[in-house]
Amino acid sequence: MGKSYDVAIAGGGIVGAACAEECAAAGLSVVVVEPGPVGGGATAAGMGHIVVMDDSPAQIALTNYSRTLWMARAHEFPADVEYVSAGTLWVAADAEEMAEVERKRAVYEAIGVRAEVLGPRELAEAEPNLRPSLAGALRVPDDAVVYPPCAARYMLQRALERGAVVRAGESAAQLSGAGIKLRDGSFVPAGIVVNATGAWAPSLTPGIEVRKRKGHLVITDRYPGFVHHQLVELGYLKSAHSMTADSVAFNVQPRKTGQLLIGSSRQFGAEHGEIDANMLTRMLRRAQEYMPALAALTAIRSWTGFRAATPDKLPLIGPCPQDPRLYLATGHEGLGITTSLATAKLVADQLLHRTPAIPVEPYLPGRKQAEHD
Ligand SMILES: Cc1cc2nc3c(=O)[nH]c(=O)nc-3n(C[C@H](O)[C@H](O)[C@H](O)COP(=O)(O)OP(=O)(O)OC[C@H]3O[C@@H](n4cnc5c(N)ncnc54)[C@H](O)[C@@H]3O)c2cc1C
Numbered sequence: 169m170g171k172s173y174d175v176a177i178a179g180g181g182i183v184g185a186a187c188a189e190e191c192a193a194a195g196l197s198v199v200v201v202e203p204g205p206v207g208g209g210a211t212a213a214g215m216g217h218i219v220v221m222d223d224s225p226a227q228i229a230l231t232n233y234s235r236t237l238w239m240a241r242a243h244e245f246p247a248d249v250e251y252v253s254a255g256t257l258w259v260a261a262d263a264e265e266m267a268e269v270e271r272k273r274a275v276y277e278a279i280g281v282r283a284e285v286l287g288p289r290e291l292a293e294a295e296p297n298l299r300p301s302l303a304g305a306l307r308v309p310d311d312a313v314v315y316p317p318c319a320a321r322y323m324l325q326r327a328l329e330r331g332a333v334v335r336a337g338e339s340a341a342q343l344s345g346a347g348i349k350l351r352d353g354s355f356v357p358a359g360i361v362v363n364a365t366g367a368w369a370p371s372l373t374p375g376i377e378v379r380k381r382k383g384h385l386v387i388t389d390r391y392p393g394f395v396h397h398q399l400v401e402l403g404y405l406k407s408a409h410s411m412t413a414d415s416v417a418f419n420v421q422p423r424k425t426g427q428l429l430i431g432s433s434r435q436f437g438a439e440h441g442e443i444d445a446n447m448l449t450r451m452l453r454r455a456q457e458y459m460p461a462l463a464a465l466t467a468i469r470s471w472t473g474f475r476a477a478t479p480d481k482l483p484l485i486g487p488c489p490q491d492p493r494l495y496l497a498t499g500h501e502g503l504g505i506t507t508s509l510a511t512a513k514l515v516a517d518q519l520l521h522r523t524p525a526i527p528v529e530p531y532l533p534g535r536k537q538a539e540h541d
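Numbering (the numbering used here), first residue to last: 169 to 541.
Rendered as structure tokens:
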């Protein structure tokens, strides 16, 4: 048997990396087991939009808390993390969606999240490449954009500087509160084990309610200044909300390189990572409905990734009821980049018996999950 660690983490995506950094910063000995490149799973496939979302009170509490943590650290990130405070524009197509803009503004204002309503002319001035005659938008100026794999690498690097160890190229075969059994048969003993393997989590902790939800993205050549904010149709909320149908929504992000990242699609039951030409076409058509000028741009790559979805759309953060030394940090669906920092805080708070900044109960793996649609 090898050295025993305070915390052994399976998975070196952004969630595992953030947990490693937080636990190491608290003086705990940490090991991370990652078979592939750090941040090479959903973290590399995701969009890196740091966004406050208000699907439920628990979701807004977690995203707002985590966005505050990102904002507080903005100055410390190296250039390759590409943190840009671009802001989000939630685009309203018609009067009905403008009512939603007003509702959303009031919700955000009530918790101190800056948000302002733009009318049609202000929207056209802010983003001239949107189609004319949209109804307006909600501008959330402090939302940001990052490059997730480099953010994960940075967090893990910080953990290593504080004595954490990475077992790169090794894979967990079995997890329990006592440690991680590796595929080569060796055992890594630990006081606490964290399953941070994203969409792979159910293969190591059978029975947890996490399903793969596939998404497509496209990246273009460089067109600096073409888009200034992360642009999301208000219909995105319906798309992210639906737990049944395949869906697409207009979601465009300006990268620091001048490239545009175009999303997004959501599919359950699609187990393989290959591009689905039908979904890709639907997604790009939707994007062009909002931004016709996209049709003239050159796309250079498209890819897919898997979100880890739970029935109530909240992540699983904390001990398993059947094994209190086995923690889960998964189920972040389309918000795991945003909520990685808060997840790490809540994991460390629980295992160190610290008072968390927000109540942990809505995210505990032992909660009763009501599927809502
Ligand atoms: C198309 C798309 C767009 C998205 N856009 C956004 C966005 O704009 N904003 C946002 O906040 N979120 C977004 N997300 C969600 C975000 O990408 C994920 O929630 C986040 O990356 C999850 O991080 P993770 O560390 O939990 O998982 P992952 O990054 O998948 O990491 C899990 C790690 O576990 C490792 N692993 C697997 N099996 C084992 C094993 N047996 N032993 C050890 N390690 C193992 C994997 O190699 C992997 O590195 C998006 C996701 C997708 C797919």
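A virtual CB, placed ideally from N, CA and C, is assigned to each residue, including glycine.
Through-space distance from residue j to residue i, alpha-carbon basis
| i | j | result |
| --- | --- | --- |
| Val334 | Ile526 | 30 Å |
| Leu298 | Glu401 | 11 Å |
| Phe436 | Tyr315 | 26 Å |
| Glu329 | Glu244 | 15 Å |
| Leu399 | Ala413 | 23 Å |
| Pro392 | Ala461 | 14 Å |
| Val276 | Lys424 | Per the sequence shown, the amino acid found at residue 276 is Tyr instead of Val. Taking the straight line joining both Cα atoms gives about 27 Å. |
| Leu509 | Arg475 | 17 Å |
| Gly345 | Gly486 | 12 Å |
| Pro515 | Arg289 | According to the sequence as given, residue 515 is Val; it is not Pro. One C-alpha to the other measures close to 45 Å. |
| Asp541 | His521 | Unreliable positioning characterises Asp541 in this predicted model, as indicated by a pLDDT of 49, which lies under 50. The coordinate reading is nonetheless provided below. One C-alpha to the other measures close to 35 Å. |
| Leu494 | Gly209 | 22 Å |
| Ala463 | Met266 | 27 Å |
| Glu190 | Arg469 | 34 Å |
| Ile376 | Pro370 | 6 Å |
| Ala497 | Gly426 | 33 Å |
| Leu196 | Val528 | 21 Å |
| Met132 | Phe418 | As shown, the chain starts at 169 and ends at 541. That puts residue 132 outside it, with no answer to give. |
| Val362 | Glu442 | 30 Å |
| Gly287 | Thr472 | 35 Å |
| Ala283 | Val220 | 11 Å |
| Asp222 | Lys272 | 8 Å |
| Lys536 | Pro479 | 10 Å |
| Leu532 | Ser301 | 45 Å |
| Glu268 | Ala336 | 46 Å |
| Gly204 | Arg351 | 14 Å |
| Val259 | Leu230 | 23 Å |
| Ile218 | Trp238 | 8 Å |
Integer Cβ distance of residue i from residue j, believed to fall under 8 Å
| i | j | result |
| --- | --- | --- |
| Ala364 | Gly184 | 4 Å |
| Tyr233 | Ala312 | The Cβ separation is near 15 Å, so there is no contact. |
| Ala192 | Val249 | With 8 Å as the limit, Ala192 and Val249 do not qualify as a contact, their Cβ atoms being about 19 Å apart. |
| His397 | Thr256 | 6 Å |
| Val200 | Gly170 | That pair is no contact at about 14 Å. |
| Leu465 | Ala226 | That belief does not hold up - the Cβ atoms of Leu465 and Ala226 are roughly 38 Å apart, past 8 Å. |
| Leu385 | Ser432 | 7 Å |
| Arg321 | Gly207 | 6 Å |
| Ala176 | Ala438 | That belief does not hold up - the Cβ atoms of Ala176 and Ala438 are roughly 32 Å apart, past 8 Å. |
| Val420 | Met447 | 17 Å between Cβ atoms; not a contact. |
| Ala512 | Ala186 | 4 Å |
Heavy atom of ligand 1 within 7 Å of residue i beta-carbon
| i | result |
| --- | --- |
| Val183 | yes |
| Ala550 | What is shown of the chain runs 169 to 541, which leaves residue 550 out entirely. |
| Arg235 | no |
| Val378 | no |
| Arg475 | yes |
| Leu399 | no |
| Val333 | no |
| Ala283 | no |
| Thr478 | no |
| Pro203 | yes |
| Leu465 | no |
| Pro316 | yes |
| Glu190 | no |
| Ser354 | no |
| Ser224 | no |
| Thr583 | Here the chain covers residues 169 to 541 and nothing more, so residue 583 does not appear. |
| Leu484 | no |
| Ile387 | no |
| Glu457 | no |
| Trp368 | yes |
| Leu372 | yes |
| Ala178 | yes |
| His440 | no |
| Ser339 | yes |
| Ser470 | no |
| Ala417 | no |
Test: residue i CB closer than 8 Å to a CB of chain B
| i | result |
| --- | --- |
| Lys536 | You won't find chain B in this structure, because it holds only one protein chain. |
Which runs of the alpha helix (DSSP H) fall wholly inside the stretch 346–425 and span at least 4 residues, in chain order? The qualifying runs are 369–372 and 403–409.
Let me know the beta strand (DSSP E) ranges lying completely inside the stretch 458–538, each 3 residues or longer, listed in chain order. DSSP runs (the beta strand (DSSP E)) wholly in the stretch 458–538: 467–477, 484–488 and 491–498.
Contained beta strand (DSSP E) runs [length at least 3] in the stretch 206–283, N- to C-terminal order: Qualifying beta strand (DSSP E) stretches, in chain order: 256–260.
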